[in-house]
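Numbering (the numbering used here), first residue to last: 282 to 767. Take a look at the structure set out below.
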Amino acid sequence: MRNKCQSDRGHKVVLALVFIFAGLLYALISLVNHYYFKTYALDLGLYTHALYDYAHFRLADCGMFKDASLSLLSDHFDLYLPLLSPLVHVFGTYTLLVVQIAATLLGGWGVYKLISLYTDDKRMPLLATAAFFFSFGIIQAIAFDYHSNVLSAMMLPWLLYFLKQRRFVLTSLFVVLFVIGKENISLWLFFIALGLMWDYRKDRKALWHLVAYAVFALAYFFLINMVVMPALGGSGGGFARYAYLGDNYAEIAGSLLSHPWEGLKLLFANITGLEEYDGIKEEFYMCALASGMLLTVLKPNYLLMLVPLVAQKMLSVDPHFWGISFQYSIEFVPVLVISSFLVILRLKKSGWRLALGLALLLSTVLTTFYSVGVPKSIIMVDQLCVYQGRHYEQKEFDIDYARELMAMIPDDASVSAASMFVPHLALRENIQNYANAKGTVKADYILITEHYVNFLYYGKLAFTNRSDYETMASDGAIHLLKRKTP
Numbered sequence: 282m283r284n285k286c287q288s289d290r291g292h293k294v295v296l297a298l299v300f301i302f303a304g305l306l307y308a309l310i311s312l313v314n315h316y317y318f319k320t321y322a323l324d325l326g327l328y329t330h331a332l333y334d335y336a337h338f339r340l341a342d343c344g345m346f347k348d349a350s351l352s353l354l355s356d357h358f359d360l361y362l363p364l365l366s367p368l369v370h371v372f373g374t375y376t377l378l379v380v381q382i383a384a385t386l387l388g389g390w391g392v393y394k395l396i397s398l399y400t401d402d403k404r405m406p407l408l409a410t411a412a413f414f415f416s417f418g419i420i421q422a423i424a425f426d427y428h429s430n431v432l433s434a435m436m437l438p439w440l441l442y443f444l445k446q447r448r449f450v451l452t453s454l455f456v457v458l459f460v461i462g463k464e465n466i467s468l469w470l471f472f473i474a475l476g477l478m479w480d481y482r483k484d485r486k487a488l489w490h491l492v493a494y495a496v497f498a499l500a501y502f503f504l505i506n507m508v509v510m511p512a513l514g515g516s517g518g519g520f521a522r523y524a525y526l527g528d529n530y531a532e533i534a535g536s537l538l539s540h541p542w543e544g545l546k547l548l549f550a551n552i553t554g555l556e557e558y559d560g561i562k563e564e565f566y567m568c569a570l571a572s573g574m575l576l577t578v579l580k581p582n583y584l585l586m587l588v589p590l591v592a593q594k595m596l597s598v599d600p601h602f603w604g605i606s607f608q609y610s611i612e613f614v615p616v617l618v619i620s621s622f623l624v625i626l627r628l629k630k631s632g633w634r635l636a637l638g639l640a641l642l643l644s645t646v647l648t649t650f651y652s653v654g655v656p657k658s659i660i661m662v663d664q665l666c667v668y669q670g671r672h673y674e675q676k677e678f679d680i681d682y683a684r685e686l687m688a689m690i691p692d693d694a695s696v697s698a699a700s701m702f703v704p705h706l707a708l709r710e711n712i713q714n715y716a717n718a719k720g721t722v723k724a725d726y727i728l729i730t731e732h733y734v735n736f737l738y739y740g741k742l743a744f745t746n747r748s749d750y751e752t753m754a755s756d757g758a759i760h761l762l763k764r765k766t767p
């Protein structure tokens, strides 16, 4: 009994250390990036300003990157932001970054709890949690601002956990929380429900709930993408990214079904013709295989869950979607980790389970180091390399001076700012992304770096009314301009 108590205590200590290390790592990446002005108008500035609007009972708009008359919900149907908006009064411009870190840690706790339902071997949930926390998909997402699909992905382990426990009210709650993060998440839920039907084929009550979730997912997907978002002025579903396949879901599906071989080739092809994008699709597949997909092949119903993720990633015309960088791999992480450890748990001998679990963790960590160090994909190295001094510095300007200039801007003033300043100035009624200026800047104040002075917007000078402003302060690297009094 004494040895068991000591073993349990040791396990809890190791588990706590994994969570503490993960939390510190995420903070060193995300919060440090924001402190050193390595977060940007798109997307942290946009979403932080949306929080501010929602917290003041105003609808957020798309003015930071396109027509201000359009609701932000017409671009992404994200209901997390209104729900999270009260927190902006507590955490300020760091709100969404704090929420994203907390959600990721809670997602890891969900993985731990879920895998614990399948085994009495306490080492397996611990290894699964560590593999989850240190996967390249999570590390890359944490390094690039905030995105609500990260929060949705973190709901999946809890959805599976409560379903396994047959606590259907809580499962249904997490189904709703899962889909409200973004307009395409409900399509993913449909495939998740289909995949889970195999595991619960002998549990009639669970199976009927999964059928209901699948129907709900499809209904929600088409309602939001085909009715609500177009009514708000958006196109719904991000069709522009797949325009070469068709102008709507029916045409896209028809193109893929009528030319299946061509569709398969698109999963690997570089359709841009630019050499810098050669091999980045293959790189993602290799990293995914090394982070658990190789084992997921042995649980093919979980491979079904990856179908919409692979399609939306690889069929996009935008090459930034294809690789391992940014937030475009986050949804793969819970599926790969959970399915991999469910496969490992099939092994009868605990020694084999431990060996394979450790091997997967090592492979995942090494893949993450690769994704930070020498990938083909475009990554923001300075935002990721917490082990190097350049992560903790801003080379373009003096950050203390930048904060002095921001303090000089009245809270009720309208501001047009360089991208890296926008997230820090977003808690006001009117904040504009200077890079999106279409020739005439209309704000009361302008805060830009030297790089932006002659910034071109689609080949035209973004700031043509320079004579309307006077320089309020400058150190040569940063300029604070104020509109002249008539």
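Using N, Cα and C, we set each Cβ at its ideal position, and we do this for glycine too.
The beta carbons of residue 683 and residue 318 sit closer together than 8 Å.
Using a Cβ-Cβ distance cut-off of 8 Å, the segment 293-300 and the segment 666-678 are not in contact, since fewer than three pairs of beta carbons, one from each stretch, lie closer than that value. With fewer than 16 other Cβ atoms from the protein chains shown falling within 10 Å of its own Cβ, residue 669 counts as exposed. Every alpha helix (DSSP H) stretch that sits fully inside the segment 627-709 and reaches 4 residues is listed by chain position as 631-654, 662-665, 680-688. Here residue 603 is buried: its Cβ has 16 or more other Cβ atoms, across all protein chains shown, within 10 Å. The three-state reading of DSSP puts residue 330 in helix, counting H, G and I together.
Around the beta carbon of residue 692, fewer than 16 other beta carbons sit within 10 angstroms, so the residue counts as exposed.
Counting along the chain, residue 543 sits inside no beta strand (DSSP E); it lies in the alpha helix (DSSP H) bounded by residues 541-547.
Here DSSP, grouped into helix, strand and coil, assigns residue 751 to strand. Contact annotation: residue 752 and residue 760 have beta-carbon atoms nearer than 8 Å. Apart from the 5 residues on each side of it in sequence, residue 314 sits with its Cβ closer than 6 Å to the Cβ of 320, 664 in its chain, given in chain order. With a cutoff of 8 Å on beta-carbon distance, residue 655 and residue 666 are scored as not near each other. Counting the other CB atoms within 10 Å of its CB gives residue 392 a total of 16 or more, which places it among the buried residues.
The beta carbon of residue 433 is closer than 7 Å to those of 459, 462, 463, 466 in its chain, skipping five residues each way along the sequence.
When C-alpha distances from residue 746 are compared across 646, 686, 735, 338, the shortest belongs to 735. Per DSSP, the continuous alpha helix (DSSP H) segment holding residue 490 begins and ends at 485-504. Between the segment 341-361 and the segment 499-517, the count of C-beta pairs closer than 8 Å reaches three or more; the two stretches touch. Counting only the Cα atoms, residue 336 lies some 45 Å from residue 578.
The continuous beta strand (DSSP E) containing residue 714 extends over residues 712-714. Closest option to residue 621, judged by alpha-carbon separation, among 601, 343, 569: 569. CA-CA distance, residue 706 to residue 347, rounds to 19 Å. Cβ atoms of residue 332 and residue 365 come within 8 Å of each other, at about 6 Å. Taking C-beta separations shorter than 8 Å and ignoring five residues to either side along the sequence, the partners of residue 550 in its chain run 562, following chain order. Of the candidates 356, 628, 737, 310, the residue whose Cα lies closest to the Cα of residue 400 is 628.
Note that the C-beta distance between residue 470 and residue 456 is below 8 Å. With a contact defined as Cβ atoms closer than 8 Å, residue 368 and residue 376 qualify at about 5 Å. If you look at residue 609, you'll find it isn't in any beta strand (DSSP E); DSSP assigns it neither H nor E. Fully contained in the segment 410-494 are the following alpha helix (DSSP H) runs of length 4 or more, in chain order: 417-424, 429-445, 449-460, 466-480.
According to the DSSP assignment, residue 760 belongs to the beta strand (DSSP E) that extends over 759-764. The distance from the Cβ of residue 358 to that of residue 505 is about 5 Å, consistent with a contact at the 8 Å cut-off. Distance from the CA atom of residue 431 to the CA atom of residue 374, rounded to whole angstroms, is 18 Å.
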